[in-house]
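Residue numbers (this note's numbering), protein chains in the order written: chain A, 1 to 565; chain B, 1 to 366.
Here a beta-carbon is modelled for each residue, glycine too, at the ideal position from N, C-alpha and C.
What you are looking at is a predicted structure, and each value in this text was computed from that prediction instead of being measured.
Data first, discussion second: the structure below is written as structure tokens.
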Amino acid sequence: MNGAAYFRPEHWVLAGVCVITAYLVLPPLYSVIQTSLFTTKLTGELDEFTLRFYGDLFRELQVIEPFLNTLYFAVGSALLATLIGGAVSWIATRTDAPLRGLGYFTAFASFGTPFILYTIGWLLLLGKAGPVNDWLGRLLNQRGAVNIYSMGGMVFVEALLWSPFVFLMLAASFRSMDPALEEASAACGARIGQTLRRISFRLMLPAFFSVVMLIFIRAFESFEIPALVGLPGDIRVLTTAILLDAQRMPPVYGRAGAFSVLLMLVVAAALYCYFRVTREESRFHTITGKGYRPALIPLGRWRYPAAAGLLLYAFVLLALPFLIILWASLLPFYMQPSIEALAKLTLKNYVVALHFPKITDAIKNSILLGLGSATAVMVLTTLASWILVRTKLRGRWLLDLLTTLPLLFPGIVMGLAIMRFYLIVPIPIYGTLWILLAAFITRYVPYGIRYTHAGLLQLHRELEEAAYASGASWLNAMRRITFPLLTPSFLGGWVFVFLLSAKELSMSILLVSPRTQVVSVAVYELWENGQVGELAAFGVVWTTILVAVAVGYYLFARRYGVQQH
Amino acid sequence: MKAKEKSSLLWACAILMATLGAASIFAAPSRAASVEEIALMKGADRQKILVEGARKEGKLLWYSTLIVDQVVRPVKEAFEKEYPFIQVEFYRGNSEAVVRRTLAEYQAKRYDADLIDGTVSPVMVKRAGLLQRFYSPSLADYPAELKDAQGFWGATNLYFLTVGYNTRNVKANELPKSYDDLLHPRWKGQMMWSTSRGSGAPMFIGNILNTMGPEAGKAYLQKLKGQNIAKTTASNRQVLDLVIAGEYPIALHIFNHHAYISKTAGAPADWNPIEPVTATIQTIALAKNAPHPHATMLFLDFVFSERGQRVFQQASYLPAHPKVPAKQADLKPGAGRFKKAFYMNPDTQFDKGNEWVDYFQNQFLK
Numbered sequence: 001m002n003g004a005a006y007f008r009p010e011h012w013v014l015a016g017v018c019v020i021t022a023y024l025v026l027p028p029l030y031s032v033i034q035t036s037l038f039t040t041k042l043t044g045e046l047d048e049f050t051l052r053f054y055g056d057l058f059r060e061l062q063v064i065e066p067f068l069n070t071l072y073f074a075v076g077s078a079l080l081a082t083l084i085g086g087a088v089s090w091i092a093t094r095t096d097a098p099l100r101g102l103g104y105f106t107a108f109a110s111f112g113t114p115f116i117l118y119t120i121g122w123l124l125l126l127g128k129a130g131p132v133n134d135w136l137g138r139l140l141n142q143r144g145a146v147n148i149y150s151m152g153g154m155v156f157v158e159a160l161l162w163s164p165f166v167f168l169m170l171a172a173s174f175r176s177m178d179p180a181l182e183e184a185s186a187a188c189g190a191r192i193g194q195t196l197r198r199i200s201f202r203l204m205l206p207a208f209f210s211v212v213m214l215i216f217i218r219a220f221e222s223f224e225i226p227a228l229v230g231l232p233g234d235i236r237v238l239t240t241a242i243l244l245d246a247q248r249m250p251p252v253y254g255r256a257g258a259f260s261v262l263l264m265l266v267v268a269a270a271l272y273c274y275f276r277v278t279r280e281e282s283r284f285h286t287i288t289g290k291g292y293r294p295a296l297i298p299l300g301r302w303r304y305p306a307a308a309g310l311l312l313y314a315f316v317l318l319a320l321p322f323l324i325i326l327w328a329s330l331l332p333f334y335m336q337p338s339i340e341a342l343a344k345l346t347l348k349n350y351v352v353a354l355h356f357p358k359i360t361d362a363i364k365n366s367i368l369l370g371l372g373s374a375t376a377v378m379v380l381t382t383l384a385s386w387i388l389v390r391t392k393l394r395g396r397w398l399l400d401l402l403t404t405l406p407l408l409f410p411g412i413v414m415g416l417a418i419m420r421f422y423l424i425v426p427i428p429i430y431g432t433l434w435i436l437l438a439a440f441i442t443r444y445v446p447y448g449i450r451y452t453h454a455g456l457l458q459l460h461r462e463l464e465e466a467a468y469a470s471g472a473s474w475l476n477a478m479r480r481i482t483f484p485l486l487t488p489s490f491l492g493g494w495v496f497v498f499l500l501s502a503k504e505l506s507m508s509i510l511l512v513s514p515r516t517q518v519v520s521v522a523v524y525e526l527w528e529n530g531q532v533g534e535l536a537a538f539g540v541v542w543t544t545i546l547v548a549v550a551v552g553y554y555l556f557a558r559r560y561g562v563q564q565h
Numbered sequence: 001m002k003a004k005e006k007s008s009l010l011w012a013c014a015i016l017m018a019t020l021g022a023a024s025i026f027a028a029p030s031r032a033a034s035v036e037e038i039a040l041m042k043g044a045d046r047q048k049i050l051v052e053g054a055r056k057e058g059k060l061l062w063y064s065t066l067i068v069d070q071v072v073r074p075v076k077e078a079f080e081k082e083y084p085f086i087q088v089e090f091y092r093g094n095s096e097a098v099v100r101r102t103l104a105e106y107q108a109k110r111y112d113a114d115l116i117d118g119t120v121s122p123v124m125v126k127r128a129g130l131l132q133r134f135y136s137p138s139l140a141d142y143p144a145e146l147k148d149a150q151g152f153w154g155a156t157n158l159y160f161l162t163v164g165y166n167t168r169n170v171k172a173n174e175l176p177k178s179y180d181d182l183l184h185p186r187w188k189g190q191m192m193w194s195t196s197r198g199s200g201a202p203m204f205i206g207n208i209l210n211t212m213g214p215e216a217g218k219a220y221l222q223k224l225k226g227q228n229i230a231k232t233t234a235s236n237r238q239v240l241d242l243v244i245a246g247e248y249p250i251a252l253h254i255f256n257h258h259a260y261i262s263k264t265a266g267a268p269a270d271w272n273p274i275e276p277v278t279a280t281i282q283t284i285a286l287a288k289n290a291p292h293p294h295a296t297m298l299f300l301d302f303v304f305s306e307r308g309q310r311v312f313q314q315a316s317y318l319p320a321h322p323k324v325p326a327k328q329a330d331l332k333p334g335a336g337r338f339k340k341a342f343y344m345n346p347d348t349q350f351d352k353g354n355e356w357v358d359y360f361q362n363q364f365l366k
């Protein structure tokens, strides 16, 4: 290394990535730790140092049932989501089954549906009085064959909610598979199943690790599904107590803080192990200097069963809940599907939903924020992943940790931290869209990093080295080689972050101002006070807009990405 | 060269400071009256002074927990029609967000908010010492339970929490009419309530403990616990919708006007009061360092007046003013369907609420 090396542009870019990441993540991190260690006064100022919240948490952990329930829920959801999303993404990306595009559309559309609506859709479908139990009851002559208010119901809904994430992530990895290894396996006489098990899945270990870890953590700390689906069936999880703390006046966030600090330690350990495993990065290279476009695997007579699988996925994940939502949106009040109800169909709810005042401003802001945060997150995490995968800096796994931690910040605590930060520091973005953008980028960096990290691990160093050898600068090599080859991961992550940010509520509700309304907050009151039909009508409209943007972007970007080669 | 630059910079600073100093001297007389003086002002020329001050202020900012579409906007429009020179801006959030935002802004010495409303949020801000007492003439017509004794808040509208039920699944002769009726074995596993502090199970518990007294109340709640009431974090409105869908026959503690709205739309839903009915109060209050005190006082006068209360009435809300009936009159007490209501004082709710949340958590959650 000579002195001139310090002025190379990549050093500035990379230093910039580290500084921006630290700037975004450290203030809320500090705030979460502080929340877990101090009581607060009525005015919101810190009061006394305490270990009480950790004490409460450990006492809670000693009660075996909530802990086991949480564990079952998290493991079950992670495995089921990975299984469903993985199988569908393999069929959609690697086989010659018909209807492959359906997988993408299903993933976008189901994930675009507002969360509470999606869950209520399932409650109406699988509830005691719902059509599924009705039909099953007639068929089996037994009432209440399916009980959604159970652990099974919780796992089922949570897994379905996360399967689009798995789908997009694994689809990106499958698309970047090295065909040579699979062909070698096939040439040795291995059947499809053996090749999948011994070759494909092993190569995709980083991607699998990413999805399982992320869903496990999200399910472990989530309270939405456990509260809406589990609580009516008296299933208690670790977050139930935290949820009720927030009902106190003044609300207590200490236990939530302690819980997330504890989870951070667990995640730090998991990431460290992951880092050790993927250090031998060459094991996962699938995109090398040789041609890499994976061949589609001919399924032969399994083509149609595979297509049927895709249809089933689309039917269960999208059509069923969406149809019940559409049904609810067309009724003056909710009725179970019946001939009698058909006579009452009306568009009245759509009139209410579309006349929502100033909703066009909110839609514009939400879409702007979605575009901005998705792009910023993916650019930032692509560069961060490059540092993690390509450089030999010591302690670079800390950057990985830093980009993953926001996953564990409780939404309200993070929103408060960001609000306080910009009220104090002299950067005048409080009350503007920029504060929301900063919050969203921080919140969704963990998803971006998992997409780009898994994607970059598959990319052999030799491609970039060839560019350098041909005299390309670092920027040129990134622009012409690395970014285009990362397109599938980049796109998958982009769409996912876009859809996530359109739904964000817990931080937005604190950070919006009279002039920067966003959709999730504007319709929050519908969530709370709207009849299910009005909520459903708005959900249908909003989902349609989101999916149109996501599909449009996807088609545009994929075409653009392909033309680069 | 350098020295020259330095000296010109010094000059610029000096001139700037002198200008600012002069400006603040000239600006001082217009801020003579403090927020407190304006808020507590009485006398014949009160209206005139408020209007004059409000003309200069030109706007106000309202931190609201009310529904924008249903009531915030109609109130804003009616007020702006009366005072065309004042523009009402609002920020809308749940009570947690409204409180957190106000406290964080005050901690950073940023005084944006003029008004704060909610069922409990104003009291929380009051306890933090960030509200200003005020005088508004129309509040003289309100009963004691609908205004703060110290003058920190007044009520704009009321909520009544009653049993809601599916008329297809609950026979008229089986309809629970008393608290003891809820203990009937036929309702075991058939009722649902929300965990919400402000309107769900904790409020029900508070009403029972207050009405029956701590001992009899707890004895009753122990029996109720045996009924295995389903709990959810869904809002009261969603609980009622699940009841309409047939998931559970009875919603234990929902807003009576929601059931009325659904019934009017033709849904198999109705409400039934069990006396005393739990009543919560939507209050509105003035921020301590409100930046637009004149305009805000005019606004408070307006919402408490009969004319302002009629805007709430037209929006199908239940007006707090004793002389303004509800659009559907019998949703309020003394209009045919029920007489006795237990008005949950916001201070009581603040002080006792945590006990009720704890009781719910310890007794009703497995």
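Q. Skipping 5 residues on each side, what residues in its chain have a beta carbon closer than 8 Å to that of A:Pro9?
A. Position 9 of the first sequence, counted from the first residue, corresponds to residue 9 of chain A. Closer than 8 Å at the Cβ level, and outside the excluded window around A:Pro9, lie Ser473, Trp474, Leu475.
Q: State the DSSP-derived secondary structure class of A:Gly300, mapped to helix, strand or coil.
A: On the first sequence, position 300 is the one that residue 300 of chain A refers to. A:Gly300 falls in the helix class under three-state DSSP.
Q. Per DSSP, which one or two residues make a beta bridge with B:Ala230?
A. Along the second sequence, read from residue 1 onward, the residue named residue 230 of chain B stands at position 230. Per DSSP, B:Met192.
Q) Any contact of the region 75-85 of chain B with the region 49-62 of chain B, i.e. 3+ C-beta pairs under 8 Å? A) yes
Q: Confirm, please, whether the CB-CB distance from A:Leu136 to A:Ala145 is below 9 Å.
A: Locating residue 145 of chain A in the first sequence gives position 145, where the first residue counts as 1. Locating residue 136 of chain A in the first sequence gives position 136, where the first residue counts as 1. Contact: yes.
Q.
Does chain A have any CB closer than 9 Å to the CB of B:Pro29?
A. As a first step, residue 29 of chain B is located in the second sequence; it is residue number 29 there, counting from the start. In this predicted model, B:Pro29 has a pLDDT of only 45, less than 50, meaning its place in the structure is not dependable enough to derive any value.
Q. In chain A, what lies closer than 8 Å to B:Pro202 by C-beta?
A. Position 202 of the second sequence, counted from the start, is the residue given in the question as residue 202 of chain B. Result: Gln247.
Q: Determine the closest residue to B:Gly336 out of B:Asn272, B:Asn289, B:Gly308, with distance taken between C-alpha atoms.
A: Taking the second sequence and counting its residues from 1, one reaches residue 336 of chain B at position 336. Looking at the Cα atoms, B:Asn272 is the closest of the given residues.
Q: Taking all protein chains shown into account, decide if B:Asp180 is buried (16 or more other Cβ within 10 angstroms of its Cβ) or exposed.
A: For the purposes of this step, residue 180 of chain B is taken as the residue at position 180 of the second sequence. With fewer than 16 other Cβ atoms within 10 Å, it is exposed.
Q) Where does B:Ile284 land, buried or exposed, given buried means 16+ other C-beta within 10 angstroms? A) In the second sequence, counting from the first residue as 1, residue 284 of chain B sits at position 284. Label assigned to B:Ile284: buried.
Q. Under a CB-based cut-off of 9 Å, is B:Thr296 close to chain A?
A. Here residue 296 of chain B refers to the residue found at position 296 when the second sequence is read from its first residue. No, B:Thr296 lies away from the interface with chain A (no Cβ there is under 9 Å from its Cβ).
Q | Extent of the continuous alpha helix (DSSP H) run through B:Asp148 | A | Here residue 148 of chain B corresponds to residue number 148 of the second sequence, with the count starting at 1. Where B:Asp148 is concerned, there is no enclosing alpha helix (DSSP H), given that its DSSP letter is neither H nor E.
(Q) Can you tell me which residues form a DSSP beta bridge with B:Ser64? (A) By 1-based counting over the second sequence, the position of residue 64 of chain B is 64. Answer is B:Arg92, bridged to B:Ser64.
(Q) Taking its Cβ as the centre, do 16 or more other Cβ atoms sit within 10 Å of B:Gly93, making it buried, or is it exposed? (A) Locating residue 93 of chain B in the second sequence gives position 93, where the first residue counts as 1. Counting Cβ neighbours within 10 Å, B:Gly93 comes out buried, since at least 16 surround it.
(Q) Using 8 Å as the cut-off, can you tell me whether the region 318-333 of chain A makes contact with the region 116-123 of chain A, which would need three or more C-beta pairs spanning the two stretches below that distance? (A) yes
Q.
DSSP has B:Ile116 in a bridge; who is on the other side?
A. The residue labelled residue 116 of chain B in the question sits at position 116 within the second sequence. The partner list for B:Ile116 (beta bridge, DSSP) reads B:Tyr63, B:Ala285.
Q) In the DSSP assignment, what are the bridge partners of B:Asn210? A) For the purposes of this step, residue 210 of chain B is taken as residue 210 along the second sequence, with counting starting at 1. According to DSSP, which records beta bridges pairwise, B:Asn210 is partnered with nothing at all.
Q: For A:Gln458, count neighbouring Cβ atoms within 10 angstroms of its own Cβ and tell me buried if that reaches 16, exposed if not.
A: Against the first sequence, residue 458 of chain A aligns to sequence position 458. It is buried - the Cβ of A:Gln458 has at least 16 other Cβ atoms within 10 Å.
Q: Kindly list, in the order they appear in chain B, the residues whose Cβ is closer than 9 Å to that of A:Tyr350.
A: Looking up residue 350 of chain A in the first sequence gives position 350. Going along chain B, no residue has its Cβ under 9 Å from A:Tyr350, so there is no contact; the nearest lies around 15 Å.
Q) Do the CB positions of B:Leu161 and B:Leu318 come within less than 9 Å of each other? A) Working through the second sequence from its first residue, we reach residue 161 of chain B at position 161. Working through the second sequence from its first residue, we reach residue 318 of chain B at position 318. No; because the gap between Cβ atoms is not below 9 Å, this pair is not in contact.
Q: Would you mind working out which of A:Glu340, A:Ala314, A:Leu117, A:Ala186 sits nearest B:Ser235, comparing C-alpha positions?
A: Against the second sequence, residue 235 of chain B aligns to sequence position 235. That would be A:Leu117, whose Cα lies nearest to the Cα of B:Ser235.
**Q.** Whole runs of the alpha helix (DSSP H) within the region 131-163 of chain A, excluding any shorter than 4 residues
**A.** 131-140
Q. With 9 Å set as the bound, which would you pick, yes or no: does the beta-carbon of A:Thr240 sit closer than that to a beta-carbon of chain B?
A. Reading the first sequence from its first residue, position 240 is the one you call residue 240 of chain A. Interface residue, yes.
Q.
Between which residues of its own chain and A:Tyr444 is the CB-CB distance below 7 Å, once the five residues before and five after are set aside?
A. Position 444 of the first sequence holds residue 444 of chain A. Excluding sequence neighbours, A:Tyr444 sits near Ser373, Val377, Val497, Leu500, Ser501.
Q | C-beta neighbour in chain A for B:Phe299, strict 9 Å | A | On the second sequence, residue 299 of chain B is found 299 positions in, with the first residue counted as 1. B:Phe299 does not count as touching chain A.
Q | CA nearest to the CA of A:Val518, picked from A:Gly493, A:Ile367, A:Tyr447 | A | Position 518 of the first sequence, counted from the start, is the residue given in the question as residue 518 of chain A. With distances taken between Cα atoms, A:Val518 lies closest to A:Ile367.
(Q) Which same chain residues end up closer than 6 Å to A:Leu486 when comparing Cβ atoms and leaving out the 5 residues on each side of it in sequence? (A) As a working mapping, residue 486 of chain A is identified with position 486 in the first sequence. The residues are Gly455.
Q | Proximity test, Cβ basis, 9 Å: B:Lys81 and chain A | A | As a position in the second sequence, residue 81 of chain B is number 81, starting the count at 1. By this cut-off, B:Lys81 is not an interface position.
Q) Could you give the distance in angstroms between the alpha-carbon of A:Ile509 and the alpha-carbon of A:Leu416? A) Numbered from its first residue, the first sequence carries residue 509 of chain A at position 509. Numbered from its first residue, the first sequence carries residue 416 of chain A at position 416. Using only the alpha carbons, I get a separation of about 10 Å.
(Q) Taking the straight line between their C-alpha atoms, what separation do you get for A:Glu22 and A:Leu402? (A) Indexing the first sequence from 1 puts residue 22 of chain A at position 22. Indexing the first sequence from 1 puts residue 402 of chain A at position 402. The sequence as given places Ala at residue 22 of chain A; Glu does not occur at that position. Each residue's alpha carbon lies about 7 Å from the other.
Q | CB contact check: A:Met414 to chain B, cutoff 9 Å | A | Taking the first sequence and counting its residues from 1, one reaches residue 414 of chain A at position 414. Output row for A:Met414: interface = no.
Q.
Taking its Cβ as the centre, do 16 or more other Cβ atoms sit within 10 Å of A:Arg218, making it buried, or is it exposed?
A. Position 218 of the first sequence, counting from 1, holds the residue named residue 218 of chain A. The residue is buried, with at least 16 neighbouring Cβ atoms inside 10 Å.
Q. A:Leu38 by DSSP, collapsed to three states: which one?
A. Counting from one through the first sequence, the residue named residue 38 of chain A turns up at place 38. For the record, residue 38 of chain A in the displayed sequence is Phe; it is not Leu. Looking at A:Phe38 - three-state DSSP - the assignment turns out to be strand.
Q: Say whether chain B places a C-beta atom closer than 9 Å to the C-beta of A:Leu243.
A: Taking the first residue of the first sequence as 1, we reach residue 243 of chain A at position 243. So, interface residue.
Q: Check A:Tyr350 in the structure and name its three-state DSSP category.
A: For the purposes of this step, residue 350 of chain A is taken as residue 350 along the first sequence, with counting starting at 1. In this structure, A:Tyr350 counts as helix in the three-state DSSP scheme.
**Q.** Classification of B:Val120 by the beta-carbon crowding that lies within 10 angstroms, buried from 16 upward
**A.** Within the second sequence, numbered from 1, the residue matching residue 120 of chain B stands at position 120. Buried is the call here.
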